[in-house]
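Numbering (the working numbering), first residue to last: 59 to 392.
All residues carry an ideal CB built from backbone N, CA and C; glycine is no exception.
Report on the following structure.
Below is the structure:
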């Protein structure tokens, strides 16, 4: 129970610091739904949990193509409020029906997500400032409180060394350093190698391949449909992943497409949409979002903070299940 108590105290502190940063920056908290259509999915709709009471009875009395799911992200719901509130955020669970069990993934985990009117550079600034604020709030705590959270001197010293501006390399630079082929996915082992090359400091990998560009080859990297193409470098999108030492990718982020016609084109030509059609879904799953995108949409950007991975990094845990108070995966549902 002692370990659980220290984990709970650390979780409380990390979420408090994250919220405090966002409130200081003028973000307004929004409460998106958690039982949703496919508009609550990330890249892979095949990892959505269907919502029904049993296999033979559909909760909502609709055909299967109108099935509801447990949300993976509140992103699209937040985007709808950007033209009116400028800066918005939400906090809540993300549900992933991924197979297997390992030390990096959970079936249910907490996310803090932001969307705001602004550009890609401002997005990277918010991400590094958010993580820096969490780390240095902990450093400033009394030693006794740090110990109550299960943090020793070495862990606190590690956080004290976090700089306010993080190293940034492009995807193309990253695969060159790692000896990979262009279009390859960067797995967790390779992420760790990149972090080691940068003094074990949090690092951004930016400007990933555009999944809708004709690269003359099949690429492994898969990104969300509404990531904004980089006008300066055709074939890439303005996206970034934040890689944390010992925890891997903890934040996925991008500037968003704000033109409705481009949005529909990218959605209907994405791998995600093809999977959705195979599941019996349709463009109707995104109808409300497409309509909202026609209402005063402005250039904007956003991200999702995987709080479990941030906690794993701060606590120096060798397994993500040890980083949270109540861990849930395929083999450990309580």
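> Are residue 207 and residue 97 touching if we call contact CB-CB under 7 Å?
Replying inline: No, Cβ-Cβ distance for residue 207 and residue 97 is not below 7 Å.
> If you draw a straight line from the C-alpha of residue 255 to the C-alpha of residue 261, how long is it?
Replying inline: Approximately 10 Å between the Cα atoms of the pair.
>> Please classify residue 221 as buried or exposed, where buried requires at least 16 neighbouring CB atoms within 10 angstroms.
In response: Under this definition residue 221 is an exposed residue.
>> If distances are taken between C-alpha atoms only, which option among 127, 105, 186 comes closest to residue 298?
In response: For the residues 127, 105, 186, the minimum Cα distance to residue 298 belongs to 186.
>> If you reduce the DSSP assignment to three classes, tell me which class residue 193 lands in.
In response: DSSP places residue 193 in helix when its eight states are reduced to three.
> Skipping 5 residues on each side, what residues in its chain have a beta carbon closer than 7 Å to that of residue 69?
Replying inline: Excluding positions up to five away in sequence, the list reads 369, 382, 383.
> With 16 as the cutoff for other CB atoms within 10 Å, does residue 235 come out buried or exposed?
Replying inline: Here residue 235 is exposed: its Cβ has fewer than 16 other Cβ atoms, across all protein chains shown, within 10 Å.
> Between residue 100 and residue 130, is the Cβ-Cβ spacing less than 7 Å?
Replying inline: For residue 100 and residue 130, yes; Cβs fall inside 7 Å.
>> So residue 394 and residue 138 are supposed to be a Cβ contact under 8 Å. How far apart are they, rounded?
In response: Nothing can be reported for residue 394, as the shown portion of the chain is limited to 59 through 392.
> Are at least three pairs of beta-carbons, each pair with one atom in the stretch 300 to 308 and one in the stretch 71 to 80, less than 8 Å apart?
Replying inline: The stretch 300 to 308 vs the stretch 71 to 80: no contact.
>> Suppose you measure from the CA of residue 60 to the CA of residue 232; what does that come to, to the nearest Å?
In response: Residue 60 and residue 232: Cα-Cα distance of roughly 41 Å.
> Excluding five sequence neighbours on each side, which residues of the same chain lie with their C-beta closer than 6 Å to the C-beta of residue 357?
Replying inline: Answer for residue 357: 316, listed in chain order.
> So the beta strand (DSSP E) residue 128 belongs to, where does it begin and stop?
Replying inline: For residue 128, the enclosing beta strand (DSSP E) stretches over residues 126 to 128.
> Are at least three pairs of beta-carbons, each pair with one atom in the stretch 326 to 339 and one in the stretch 278 to 287, less than 8 Å apart?
Replying inline: Yes, the stretch 326 to 339 is in contact with the stretch 278 to 287.
>> Distance check for residue 338 and residue 365, CA to CA, integer angstroms please.
In response: Distance between the alpha carbons of residue 365 and residue 338 is about 32 Å.
> What are the residues that DSSP puts in a beta bridge with residue 383?
Replying inline: Note: residue 383 sits in no beta bridge, so no partner.
> Mapping DSSP to helix, strand and coil, what is residue 117?
Replying inline: Here the model assigns residue 117 a pLDDT of 48, short of 50, so the residue's position is not dependable, and the following value carries that caveat. Note: residue 117 maps to coil in three-state DSSP.
>> Check for me: the alpha helix (DSSP H) holding residue 253 runs from which residue to which?
In response: Counting along the chain, the alpha helix (DSSP H) containing residue 253 begins and ends at 246 to 255.
>> Can you give me the C-alpha to C-alpha distance between residue 386 and residue 161, rounded to a whole angstrom?
In response: Rounded to whole angstroms, residue 386 to residue 161 spans 12 Å at the Cα level.
> Which term fits residue 223, buried or exposed, when burial requires 16 or more other beta carbons within 10 angstroms of its beta carbon?
Replying inline: Residue 223 is classed as exposed because its beta carbon has fewer than 16 other beta carbons within 10 Å across all chains shown.
>> Tell me which residues share the same chain as residue 156 and place their Cβ nearer than 8 Å to its Cβ, disregarding the 5 neighbours each side in the sequence.
In response: Beyond the five residues adjoining it in sequence on each side, residue 156 comes within less than 8 Å, by CB distance, of 105, 163, 165, 388 in the same chain, given in chain order.
> Taking the C-alpha atoms as reference points, what is the distance between residue 62 and residue 379?
Replying inline: Residue 62 and residue 379: Cα-Cα distance of roughly 11 Å.
>> On the DSSP letters alone, give me the boundaries of the alpha helix (DSSP H) that residue 336 sits inside.
In response: Following the DSSP letters along the chain, one finds residue 336 inside the alpha helix (DSSP H) bounded by residues 329 to 336.
> What is the C-beta distance between residue 148 and residue 90, in whole angstroms, given that I count them as a contact (C-beta under 8 Å)?
Replying inline: With a Cβ gap of about 5 Å, residue 148 and residue 90 count as contacting.
> Can you round the beta-carbon distance between residue 107 and residue 127 to whole angstroms, since I take them to be within the 8 Å contact cut?
Replying inline: Contact holds; Cβ gap of about 6 Å.
>> Can you find the residues in the same chain that come closer than 8 Å, C-beta to C-beta, to residue 191, ignoring five residues on each side of it along the sequence?
In response: Around residue 191, the same chain offers 75, 76, 78, 79 as residues with beta carbons nearer than 8 Å, after the five sequence neighbours per side are excluded.
> With a CB to CB cut of under 6 Å and the five nearest residues on each side skipped, what residues in its chain are close to residue 293?
Replying inline: Excluding residues within five positions, the ones whose Cβ falls inside 6 Å are 268, 271.
>> Determine whether the beta carbon atoms of residue 173 and residue 360 lie at a separation below 7 Å.
In response: Yes, the Cβ-Cβ distance between residue 173 and residue 360 is below 7 Å.
> On the premise that residue 217 lies in contact with residue 189, defined as a C-beta separation below 8 Å, what is that separation, rounded to the nearest angstrom?
Replying inline: Contact between residue 189 and residue 217 does not hold, since their C-beta atoms are separated by about 10 Å, which reaches or exceeds 8 Å.
> Out of curiosity, what's the CA-to-CA distance linking residue 214 and residue 184?
Replying inline: Taking the straight line from one Cα to the other gives about 23 Å.
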